[in-house]
Amino acid sequence: SQQGEEDPQALSIQEGENATMNCSYKTSINNLQWYRQNSGRGLVHLILIRSNEREKHSGRLRVTLDTSKKSSSLLITASRAADTASYFCATDGGNSGGSNYKLTFGKGTLLTVNP
Amino acid sequence: GAVVSQHPSRVICKSGTSVKIECRSLDFQATTMFWYRQFPKKSLMLMATSNEGSKATYEQGVEKDKFLINHASLTLSTLTVTSAHPEDSSFYICSATRGRDEQFFGPGTRLTVL
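Protein sequences, first through last, are from chains A and B.
Using the working numbering, you'd call the opening residue of the first sequence number 34 and step up by one each time.
Using the working numbering, you'd call the opening residue of the second sequence number -12 and step up by one each time.
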């Protein structure tokens, strides 16, 4: 079953505006990651936030994590047309008994930034 | 950053044939590689986890005999779709990790089975 659930499923904004995408998950995690995917392409890692962190910044990206609510948000400030892509959150559910590290992806948010 | 390549990027084949997809970590040794499948406008679904020199671990519902995974070295894993059918048409993406956290993703392979 899907661990992460992003909302909104689709978001359309104008260049220069901020875009906020949310992700909820169900089980405990070690970390949560955000990825970007352009249509028909592979994934690009954006940012990783650990379970003991609450906020992280990287350039125009700001990620928050609320483990009590099992949710995370990705904020892209001053958006550009080139930010148009699908954005996915992915959770690492932990490493029990020496099992391999695995990511569970959410359904994604399709962001369209209009010039 | 670490680079992962996939080959081919796009393949079209006839029903009943087998198709091999390669995943390579170009500038690092990958402790583990993962294979995902993605349907149009959908999320990534993990198919299997692959470690060098050992058998792949498949996710529930993924047929081992249908999707053969060979992890020949620390930089190469292959996925073979055997006796392909139109319903196997999908976007297949691999990823590789060199540690416990970040996964580096390949550009994906678009498989179309006629």
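We put the beta carbon where it would ideally sit given N, CA and C, even for glycine.
Return the CA-CA distance between residue i and residue j, expressed in angstroms with no decimal places.
i	j	result
residue -10(B)	residue 146(A)	28 Å
residue -1(B)	residue 36(B)	25 Å
residue 41(B)	residue 60(B)	10 Å
residue 101(A)	residue 122(A)	17 Å
residue 22(B)	residue 116(A)	26 Å
residue 93(B)	residue 47(B)	23 Å
residue 19(B)	residue 83(B)	6 Å
residue 81(B)	residue 148(A)	33 Å
residue 125(A)	residue 134(A)	7 Å
residue 112(A)	residue -4(B)	30 Å
residue 1(B)	residue 67(B)	14 Å
residue 63(B)	residue 96(B)	15 Å
residue 25(B)	residue 17(B)	22 Å
residue 54(B)	residue 91(A)	38 Å
residue 85(A)	residue 71(B)	45 Å
residue 98(B)	residue 12(B)	21 Å
residue 88(A)	residue 38(B)	33 Å
residue 83(A)	residue 3(B)	45 Å
residue 93(A)	residue 120(A)	15 Å
residue 114(A)	residue 75(A)	19 Å
residue 73(A)	residue 28(B)	10 Å
residue 96(A)	residue 80(A)	8 Å
With H, G and I counted as helix, E and B as strand and the rest as coil, what does DSSP make of residue i?
i	result
residue 40(A)	strand
residue 125(A)	strand
residue 116(A)	helix
residue 132(A)	Below a pLDDT of 50, predicted positions are generally treated as unreliable, and residue 132(A), at 40, falls in that range; the measurement from the model is reported next regardless. The answer is coil: DSSP assigns residue 132(A) none of H, G, I, E or B.
The beta strand (DSSP E) that contains residue i, what's its start and end?
i	result
residue 82(B)	77 to 84
residue 66(A)	64 to 70
residue 88(A)	88 to 91
residue 7(B)	6 to 12
residue 88(B)	Note, residue 88(B): premise wrong, no beta strand (DSSP E); not H, not E.
residue 116(B)	Given that chain B is displayed from residue -12 to residue 101, the structure contains no residue 116(B) and the question cannot be resolved.
residue 38(B)	31 to 38
residue 104(A)	104 to 109
residue 64(B)	63 to 68
residue 99(A)	94 to 99
Cβ closer than 7 Å: which chain B residues qualify as neighbours of residue i?
i	result
residue 74(A)	94, 95
Mind listing the chain A neighbours of residue i? Cutoff is C-beta to C-beta under 9 Å, in chain order.
i	result
residue 14(B)	The premise fails here: residue 14(B) is roughly 15 Å from chain A at the closest Cβ pair, so nothing lies under 9 Å.
residue 104(B)	Chain B is shown only over -12 to 101; residue 104(B) falls outside these bounds and no answer can be derived.
Would you mind telling me which residues of chain B sit closer than 9 Å to residue i, beta carbon to beta carbon, in chain order?
i	result
residue 144(A)	By Cβ distance, chain B contributes nothing, its closest Cβ being about 14 Å from residue 144(A), past 9 Å.
residue 92(A)	Result: empty, since nearest Cβ-Cβ is about 15 Å, beyond 9 Å.
residue 81(A)	88, 89
Show which residues of chain A have a CB atom less than 7 Å away from the CB atom of residue i.
i	result
residue 90(B)	136
residue 62(B)	Residues of chain A passing the Cβ test: none, with the nearest at roughly 17 Å.
residue 84(B)	134
Kindly list, in the order they appear in chain B, the residues whose Cβ is closer than 8 Å to that of residue i.
i	result
residue 140(A)	29, 30
residue 64(A)	88
Along chain A, in chain order, which residues have C-beta atoms closer than 8 Å to that of residue i?
i	result
residue 80(B)	75, 76
Answer yes if the stretch 98 to 116 of chain A comes into contact with the stretch 48 to 63 of chain A, meaning at least three C-beta pairs across the two stretches below 8 Å, and no otherwise. Enough Cβ pairs lie closer than 8 Å, so yes.
Okay, do the stretch 7 to 18 of chain B and the stretch 55 to 72 of chain A touch, 3+ Cβ pairs below 8 Å being the bar? Flag = no, the stretch 7 to 18 of chain B and the stretch 55 to 72 of chain A do not touch.
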